[in-house]
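Counting from 1 along the sequence shown, just add 19 to a position and that's the residue number in the numbering used here.
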Amino acid sequence: MTEPPVVALHGVSFAYEDGPDVLDGLDFAVREGRALALLGRNGTGKTTLMRLLSGGLRPRAGRLTVEGEPVSYNRDGLTRLRTTVQLVVQDPDDQLFAASVAQDVSFGPLNLGLSDPEVRARVAEALAALDITALADRPTHLLSYGQRKRTAIAGAVAMRPRVLILDEPTAGLDPDGQERLLTTLDGLRAGGTTVVMATHDVDLALRWADDAALLTPAGVHTGPAATMLARTELLTQAGLRLPWGIAATGMLRAQGLLDETQSGPRTPEELAALTPRLATDG
Ligand SMILES: Nc1ncnc2c1ncn2[C@@H]1O[C@H](COP(=O)(O)OP(=O)(O)O)[C@@H](O)[C@H]1O
Ligand SMILES: [Mg+2]
């Protein structure tokens with residue numbers, strides 16, 4: 020028997036007030052331990068899907084489950100959900116509100132009714148995980164965009180969720196900020212947190228994700244990232260292009276430089292690492 024997904028939407032439909040259905044009969048599951056990228060063009064409902072998964076929105080039809088159990092949208096049910104799933108919204112300014120970094124990060128744990136020492140321990144742990152310990156007393160309005168983004172993520176991490184959901188976390192970060200974020204996410208994953216991110220960046224998804232979910236107006240398709248991101252027709256429907264690594268893999272195979280048993284490069288570094296072997300094989 021396979022384990023139920025840690026969190027899942029089953030046959031979920033949702034519309035905003037007076038609006039058309041954004042999602043219709045959607046099935047979507049997050050499997051523990053698998054890095055999952057959610058991809059799709061603007062307006063297809065990535066943010067809506069993530070808000071449904073974290074309980075911020077309630078489905079019009081269908082249900083949300085945690086470990087196969089339906090979530091009840093009452094105080095206890097939502098508290099249980101919040102300690103399982105945490106969403107970091109795209110714009111940190113929609114999330115941060117406290118005067119200082121440490122105060123902001125402590126808000127969630129305080130709301131759980133934890134003791135002061137426990138709250139302090141969680142804040143310290145979350146600030147360290149995001150590499151912003153030195154910013155603890157900094158007023159949030161004086162932070163750079165990247166620092167605000169890290170603070171918002173720390174606030175979610177302080178809840179010690181099993182699933183951390185990030186809505187377009189690399190948007191607005193410079194290349195160095197993006198690399199630092201990926202290193203941070205690797206650290207959280209090594210600590211046992213399942214990470215889900217929405218992104219437009221197919222190259223990032225190929226490199227980072229175990230699984231990719233492609234959201235199209237017709238529904239969502241989930242599977243291993245390297246397989247999903249090679250499905251050109253589906254990518255077109257989702258408004259996405261072919262990732263660089265998949266295109267390079269296709270060319271290498273067409274030239275007989277890579278056989279079907281070898282996995283293709285996902286980054287220029289992986290292509291460079293393949294080159295000596297290609298030289299001796301060829
Ligand atoms: N608060 C809202 N009220 C009404 N419509 C909304 C709201 N938020 C999003 N929408 C609409 O829902 C659809 C999906 O939006 P969204 O989930 O933000 O997509 P994505 O994150 O993929 O860009 C869009 O048509 C958008 O205009
Ligand atoms: Mg969005």
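The beta carbon of each residue, even a glycine, is placed where N, CA and C say it ideally should be.
Inset, instruction - State the DSSP-derived secondary structure class of Arg70, mapped to helix, strand or coil. - result: Three-state result, Arg70: helix.
Legend entry - Ser134 to Arg101 span [Cα, whole Å]: Between Ser134 and Arg101, the C-alpha separation is close to 18 Å.
Legend entry - Same chain, Cβ closer than 6 Å to Gln281, neighbours up to 5 away in sequence not counted: Closer than 6 Å at the Cβ level, and outside the excluded window around Gln281, lies no residue.
Legend entry - Any non-hydrogen atom of ligand 4 within 6 Å of Lys65 CB: For ligand 4, the structure offers nothing, since it holds only ligand 1 and ligand 2.
Inset, instruction - Mind checking which residues open and close the alpha helix (DSSP H) that includes Gly238? - result: Unbroken run through Gly238 is the beta strand (DSSP E), 238 to 243; no alpha helix (DSSP H).
Legend entry - Proximity test, Val309 beta-carbon vs ligand 1 heavy atom, cut-off 6 Å: The question about residue 309 has no answer, for the chain in this structure spans 20 to 301.
Legend entry - Secondary structure of Phe33, DSSP reduced to three states: DSSP places Phe33 in the strand class (E or B) of the three-state scheme.
Inset, instruction - Verify whether the separation of the beta carbon atoms of Leu76 and Arg70 is less than 7 Å. - result: Taking 7 Å as the Cβ cut-off, Leu76 and Arg70 qualify as a contacting pair.
Inset, instruction - Could you check if Pro188 is buried or exposed, using at least 16 other CB atoms within 10 Å of its CB as the buried criterion? - result: By the Cβ-count criterion, Pro188 is buried, with 16 or more other Cβ atoms from all chains shown falling within 10 Å of its own Cβ.
Legend entry - Near ligand 1: Asn61 beta-carbon under 6 Å from a heavy atom: Taking the Cβ of Asn61 as the reference point, at least one heavy atom of ligand 1 falls within a distance shorter than 6 Å.
Legend entry - Under 7 Å between C-beta atoms of Ala171 and Pro111: Yes.
Inset, instruction - Would you tell me roughly how many angstroms separate the C-alpha atoms of Pro39 and Ala231, rounded to the nearest one? - result: Approximately 26 Å between the Cα atoms of the pair.
Inset, instruction - Can you tell me which of the three DSSP states Val189 falls into? - result: Here residue 189 turns out to be Thr, not Val, going by the sequence shown. Coil, per DSSP.
Legend entry - Local conformation of Gly301 per DSSP, three classes: A caution first: Gly301 carries a pLDDT of 47, below 50, which makes its placement in the model unreliable, though a value can still be read off. In the structure shown, Gly301 sits in coil (DSSP, three-state: anything other than H, G, I, E or B).
Legend entry - Whole-angstrom C-beta distance between Ala217 and Thr66, which should lie under 8 Å: Confirmed, about 7 Å.
Inset, instruction - Tell me Phe47's beta-bridge partners as DSSP assigns them. - result: Answer is Leu28.
Legend entry - contact_flag[the stretch 30 to 44, the stretch 198 to 213] where n(CB pairs < 8 Å) is 3 or more: With a cut-off of 8 Å, the stretch 198 to 213 and the stretch 30 to 44 do not count as touching, because too few Cβ pairs lie within range.
Legend entry - Coil, strand or helix - Val107 by DSSP: Strand, per DSSP.
Legend entry - Identity of the residue in Ala237, Thr251, Pro194 nearest Leu223 by Cα: Selected option, being the one with the closest Cα: Pro194.
Inset, instruction - Assign Phe47 to one of two classes, buried (16 or more other C-beta atoms within 10 Å of its C-beta) or exposed (fewer than that). - result: It counts as buried.
Inset, instruction - Using the Cα positions of Ala245 and Gly132, report the straight-line distance between them to the nearest angstrom. - result: Using only the alpha carbons, I get a separation of about 43 Å.
Inset, instruction - Could you tell me whether the stretch 180 to 187 touches the stretch 103 to 120, using the rule of 3 or more Cβ pairs below 8 Å? - result: Look at the beta carbons and you see the stretch 180 to 187 touching the stretch 103 to 120: at least three pairs across the two are nearer than 8 Å.
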